[in-house]
Each structure stands twice: as C-alpha cells, then as structure tokens.
Amino acid sequence: MTFITIISLAFITFTTRYLFLEGRLPLRLGLNVKQILSFSAPAVLTAIFVPILLIQKQELNIGYTNQYLWGGITAICAAYKTQSVYWTISIGTAVFIIGSALF
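Listed below in structure tokens is the structure:
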C-alpha cells in the first residue's frame, strides 16, 4: 500500500509540474490565477519561519532572550536595507550566533 501511495504521489507531482513547465503545451494561466499564485511563495515562507522564530520548547517566546527572533528581525532589516541575499544571511547569522553566546 505504501509503495502504491508513493508511486501515485510521484505521478501526480510529475504531471502537474510537466503541464506548467513544458512550453509546447497550449496551457496558459489567466491573470487572476497568476496574481493569486504570486502570493504563494511568501505565504509558504511565512508559514515555515514564524513558528521557528516564535516557538521554543512548545511555548511562545517573544522575550529578549530569543536569539532566533533577534536574528530574524535583523535579517528582515538587512534584507530591506541591503537588498542582498548574502548580506542578509551573513548579518542575520552573525546576530543569531552572538545572541546564542550571550543568552
């Protein structure tokens, strides 16, 4: 049963990606669908990083000792200011490491 499930999910994944990535197929998305899909990446990223930043040991932690939160806030500010992925990662990671050493 597990093998059939894995094969079925692989088929579904391949089919949906093939339909959108194959340029010779006459499938085109409308403007409304494109606009709706433009929000999917930020929504997924937010759903991933908010629990990492705010929840520690199964509890909400928004205190000053939360090094994840400090690193995340710093990374957001660095991304806004520098517009560079490398600087954002470097600055956010540095603040996280310093916060880990202090707290």
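Numbering (UniProt numbering), first residue to last: 1 to 103. The beta-carbon is built from N, C-alpha and C at its ideal position, and this holds for glycine as well.
- Residue pairing from DSSP leaves Ile62 without any beta-bridge partner.
- One alpha carbon belongs to Ile36, the other to Pro26, and they sit about 21 Å apart.
- Each residue's CA atom was taken as its position, placing Tyr80 and Gly92 some 12 Å apart.
- Under the DSSP assignment, Ser40 falls in the alpha helix (DSSP H) whose first and last residues are Ser40 to Leu54.
- Here the alpha carbon of Ala78 sits roughly 19 Å from the alpha carbon of Tyr64.
- Counting along the chain, no alpha helix (DSSP H) covers Arg24, and no H or E run does either.
- Per DSSP, the unbroken alpha helix (DSSP H) holding Ser90 starts and ends at Val85 to Leu102.
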